[in-house]
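Only one structure is covered here, and it is reproduced in the block below.
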Amino acid sequence: MLRQPILLLARSEGLKKLVSTMPVSSGIVTSYVPGETTASAVEATATLEADGLKVTLDFLGEDTLDTEQADHTVQAYLDLLQQLAAQGLTRGAEVSVKLSAIGQAIPETGDKIALENARTICRAARNAGTTVTLDMEDHTTTDRTLAALRELRKDFPETGAVLQAYLHRTEADCRALAYEGSRVRLCKGAYKEPESVAFQDRLDVDKSYVRCLKVLLAGDGYPMIATHDPRMVEIASSLASRYGRAQGTYEYQMLYGIRPEEQKRLAAGGERMRVYVPYGQEWYGYLMRRLAERPQNLSFFVKSLISKK
Ligand SMILES: Cc1cc2nc3c(=O)[nH]c(=O)nc-3n(C[C@H](O)[C@H](O)[C@H](O)COP(=O)(O)OP(=O)(O)OC[C@H]3O[C@@H](n4cnc5c(N)ncnc54)[C@H](O)[C@@H]3O)c2cc1C
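Using full-length UniProt numbering, the letters of the sequence shown map in sequence onto residues 1 to 309.
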């Protein structure tokens, strides 16, 4: 119930300024983001891999409105991939990319710029022995992101995409993408979306998630089940058995710092478990989306703000 007010409040420039002055070492920030540098991301990857977990890394950077900033983000991914490869970590680690961070929102030429930048990252990922998954953002970008995916998959068929169960359209998108070699991450969806395009009731979102799970697990692609919801994990596990899916023909995914014991439990049980690790200086929007999902953490957040440590 608090989710939408928190997302609205997060847009306040005053709050952004106040929160952004918190050091990244502040407890509330490091519980969701391991650090601001490539080195901190690589270190977190090594630690997670040592625990038997796979990783996908996201260089935080949204609202890119000029090519310089887009180039900076591309370069960050290239550096990251190079350092992961140098440390032998790319077998278990891939990267997640938001098209808005690499230029999609630049007026007129944005789609073309983002596609070229995504190609550069896909090429570097392939050379490093790993893959890219395109994150999904608000509903106004869904068609454009899926169009970019189709283009990228011509040269890099290993490229994955995210679908959001809260959108009415997603069950049909799952059907379209449930083919061999297609990697699809199914999440519930994190943006504030209107009733015209998205289910508003949590129960309706959950029901849609289960319908989508059925399509993906019964299909021929590689489903990536991204949720912290114990019920969804349980349902996914029984559907995987029902559709004769062996462990490793699908995977679970959770965010860094959320239900870490459950992440280890699933991995210890033989499941492929991937942790989404966001890093970089632009952690504000990401942090606010996580807080909006879990208002129980608000008191911890307010205490961190007051003490600013
Ligand atoms: C790997 C990954 C990638 C993602 N990529 C995208 C993307 O590209 N686009 C996008 O819109 N969204 C993305 N998301 C976010 C996603 O859409 C949801 O907003 C987020 O995962 C919360 O939904 P949930 O399925 O965990 O369930 P919720 O409905 O938020 O929670 C259900 C239950 O899960 C448990 N739970 C949830 N959070 C916590 C917590 N912090 N601590 C303990 N228990 C908890 C609780 O039991 C809770 O009742 C991604 C999520 C993951 C895991």
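Where is the CB? At the ideal position from N, CA and C, for every residue including glycine.
Buried or exposed for residue i, going by 16 or more other Cβ atoms inside 10 Å?
i	result
A226	buried
K309	In this predicted model, K309 has a pLDDT of only 44, less than 50, meaning its place in the structure is not dependable enough to derive any value.
T140	exposed
L203	exposed
K98	buried
A176	exposed
Q263	buried
Q164	buried
E271	buried
G81	First, the amino acid is wrong: residue 81 is Leu here, not Gly. Burial call: buried.
E195	exposed
State the DSSP-derived secondary structure class of residue i, mapped to helix, strand or coil.
i	result
M136	coil
K214	helix
T227	coil
Q164	strand
T249	coil
R294	coil
L60	coil
E94	strand
Measure the CB-CB distance between residue i and residue j and report whether it falls below 9 Å.
i	j	result
T185	V210	According to the sequence as given, residue 185 is Arg; it is not Thr. Taking 9 Å as the Cβ cut-off, R185 and V210 do not qualify as a contacting pair.
M224	Q253	yes
L217	A240	yes
D135	I106	no
T120	L57	no
Q104	A148	yes
V55	A93	yes
G221	R183	yes
By Cβ distance, which residues of its chain are closer than 7 Å to residue i, with the 5 residues on each side in sequence left out?
i	result
R3	A292, E293
Enumerate in chain order the residues of its own chain whose CB-to-CB distance from residue i is below 6 Å, with the five nearest sequence positions on each side excluded.
i	result
M273	L53, Y252, Q263, L266, A267
Apart from the five residues just before and just after residue i, which ones in its own chain have a Cβ nearer than 8 Å to its Cβ?
i	result
P34	S40, A41, E43, A44, Y256, V277, Y279
Does the contact criterion of 3 or more C-beta pairs under 8 Å hold for the segment 124–134 versus the segment 167–175?
Too few Cβ pairs lie closer than 8 Å, so no.
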